[in-house]
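This note's numbering puts the first residue of the sequence shown at 575, with every later residue one more than the last.
For every residue, glycine included, the Cβ atom is placed at its ideal position computed from N, Cα and C.
Predicted model, so just to flag it, every value in this text is computed and none were measured.
Read through the structure below, which is laid out as structure tokens, and then see the notes.
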Amino acid sequence: MSDRGVWSLLIVLMGIFLASPGQAADISLRSIYARNYELKDLVETSARGRRGVVFAFFKVGCPAVDLAIPELKALYSNYKDRGIAFYAIYSNGGTGLREVQVHAQQFDVPFRVFLDVGQELAKTWQVQRTAEVVFVNMKQGILYRGAVTDADRTGRRDGRYLADALQSFLAGDAIKVASTRGQGCLINTKRPAPIRNLTWYKDILPIFQAKCQKCHRPGEIGPMSLLSYKNAVNNAPMIAEVVEDRIMPPWPVESPLKLENDHRLTDEEIRKIVSWIETDTAEGVPSDAPRPVVWPHRDQWLIG
Ligand code: HEC
575 MSDRGVWSLL IVLMGIFLAS PGQAADISLR SIYARNYELK DLVETSARGR
625 RGVVFAFFKV GCPAVDLAIP ELKALYSNYK DRGIAFYAIY SNGGTGLREV
675 QVHAQQFDVP FRVFLDVGQE LAKTWQVQRT AEVVFVNMKQ GILYRGAVTD
725 ADRTGRRDGR YLADALQSFL AGDAIKVAST RGQGCLINTK RPAPIRNLTW
775 YKDILPIFQA KCQKCHRPGE IGPMSLLSYK NAVNNAPMIA EVVEDRIMPP
825 WPVESPLKLE NDHRLTDEEI RKIVSWIETD TAEGVPSDAP RPVVWPHRDQ
875 WLIG
């Protein structure tokens, strides 16, 4: 390698090294409208007058989170016009966008909520429990991390940790308690290992016949056909995303009841589709295929 080559390599390596510590530059968070935002969009380039951001780690079905929400809401209304932004981050593996929407709506969360896809943010900040908050300045420097209050442990609220941190920070004082231990539920950062040896004809086509092709075939409302192996492979990354987020098949109401003509995917079906896409995306042999569906002509009445 020439001298110049060595130097440019060194400079590139230094760049990577300098950019890395805690500066989660390209972490992407997904909004409930399925749009991706980078962490730096939420921190550095936010509104003028912004001085700090509170990231609250939520989880669906964790009592400690539900208990912390009222205090967070109170702090939000107190501080939203004083330069502090609040975001809720759902980091648990296996949580879909639809569940996040429903939870945020149920608790009337007044600030923006995001899904931490792949738990990148939780891993970067080493957040292990939900109901923890990470309060950062506009350079992503951590000012306070830990529990919102000590209410979940004692039932009383003498320790309003986050409230104290916010107050001290805005007053220009030192933050006395800069970290506490969270009491919430452990965040599951492990994804189940993908299922192996799945094939299109044997495992995936039957699911697509039952849950997708009603809309995803020529002349129907879905934007692309999903009848053939080729169709599915060509759209594979997008399919994995929409089924994991539970955006597809579209389903208006979240209901525990099993309704007739329910096209929602089961957890097992989601795991199969995502595993198939993440592993070989193999075609397999046509002799494994289910019986072909005879779709009615589009002018015919189709219930469901
Ligand atoms: C009830 C009809 C219906 C069913 C059933 C359905 N889809 Fe869709 N799908 C749509 C429509 C309409 C769109 C386009 C509008 C949208 O993106 O919301 C779409 C969009 C998509 C997209 C593109 C998303 C994007 O970002 O552009 C993918 C991928 C997809 N569907 C996959 C699936 C899969 C996989 C299934 C089965 C598991 C499925 N759909 C079931 C109607 C349906």
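Best match in the options for proximity to residue i [C-alpha to C-alpha]
{"i": "ALA863", "options": "PRO824, ILE851 and TYR803", "result": "TYR803"}
{"i": "PRO766", "options": "PRO644, ASN610, GLY667 and GLY626", "result": "GLY667"}
{"i": "GLY692", "options": "SER665, GLU673 and PHE681", "result": "SER665"}
{"i": "PHE681", "options": "TRP869, GLN787, ASP615 and LYS633", "result": "LYS633"}
{"i": "ILE769", "options": "HIS837, VAL867 and ILE844", "result": "ILE844"}
{"i": "ILE658", "options": "HIS790, ARG686, VAL867 and TRP869", "result": "ARG686"}
{"i": "VAL867", "options": "LYS713, SER742, CYS786 and GLU842", "result": "CYS786"}
{"i": "HIS790", "options": "PRO823, ASP819 and ALA678", "result": "PRO823"}
{"i": "GLY635", "options": "ALA678, GLU694 and GLY720", "result": "ALA678"}
{"i": "ASP724", "options": "GLN714, PRO684, GLY715 and ASP738", "result": "ASP738"}
{"i": "ILE801", "options": "TRP825, LYS846, LEU839 and TRP869", "result": "It is Leu, not Ile, that sits at residue 801 in the sequence shown. Checked all of TRP825, LYS846, LEU839 and TRP869; the closest Cα to LEU801 is TRP869."}
{"i": "GLU612", "options": "HIS837, GLN714, ARG622 and HIS871", "result": "GLN714"}
{"i": "LYS846", "options": "ASP615, TRP774 and SER742", "result": "TRP774"}
Counterpart residues of residue i in DSSP-defined beta bridges
{"i": "ALA630", "result": "ALA662 and VAL707"}
{"i": "ILE716", "result": "VAL710"}
{"i": "TYR611", "result": "LEU603"}
{"i": "PHE743", "result": "Answer is none; PHE743 lacks a bridge partner."}
{"i": "LEU760", "result": "ARG703"}
{"i": "ARG686", "result": "TYR661"}
{"i": "THR773", "result": "ALA856"}
{"i": "ALA569", "result": "Given a span of 575 to 878 for the chain in the structure shown, any question on residue 569 remains unanswerable."}
{"i": "SER753", "result": "ARG719"}
C-beta contact flag for residue i and residue j at 8 Å
{"i": "TYR653", "j": "LEU740", "result": "yes"}
{"i": "VAL722", "j": "LEU646", "result": "yes"}
{"i": "THR855", "j": "VAL816", "result": "no"}
{"i": "ALA608", "j": "ILE821", "result": "yes"}
{"i": "TYR661", "j": "PHE631", "result": "no"}
{"i": "ILE606", "j": "LEU649", "result": "no"}
{"i": "LEU744", "j": "ARG624", "result": "no"}
{"i": "THR704", "j": "ILE761", "result": "yes"}
{"i": "LYS788", "j": "GLY858", "result": "no"}
{"i": "VAL617", "j": "VAL628", "result": "no"}
{"i": "LEU717", "j": "VAL707", "result": "no"}
{"i": "ILE851", "j": "ILE813", "result": "yes"}
{"i": "THR754", "j": "ALA696", "result": "no"}
{"i": "LEU758", "j": "VAL848", "result": "The question names Leu, but residue 758 is Gly in the sequence shown. It is not a contact, given that the beta carbons lie outside the stated cut-off."}
{"i": "LEU603", "j": "ILE663", "result": "yes"}
{"i": "GLU694", "j": "ILE778", "result": "no"}
{"i": "GLY733", "j": "GLY756", "result": "no"}
Ligand 3 heavy atom lying under 7 Å from the CB of residue i
{"i": "GLY715", "result": "For the structure depicted, ligand 3 is absent and the ligand set comprises only ligand 1."}
List, from N- to C-terminal side, the alpha helix (DSSP H) runs of 4 residues or more that fit wholly inside the stretch 780-847. Along the stretch 780-847, the alpha helix (DSSP H) occurs as fully enclosed runs of 4 or more residues at 803-808 and 810-818, listed in sequence order.
Using 8 Å as the cut-off, can you tell me whether the stretch 745-761 makes contact with the stretch 776-791, which would need three or more C-beta pairs spanning the two stretches below that distance? Using a C-beta cut-off of 8 Å, the stretch 745-761 makes no contact with the stretch 776-791, since fewer than three inter-stretch Cβ pairs fall below that distance.
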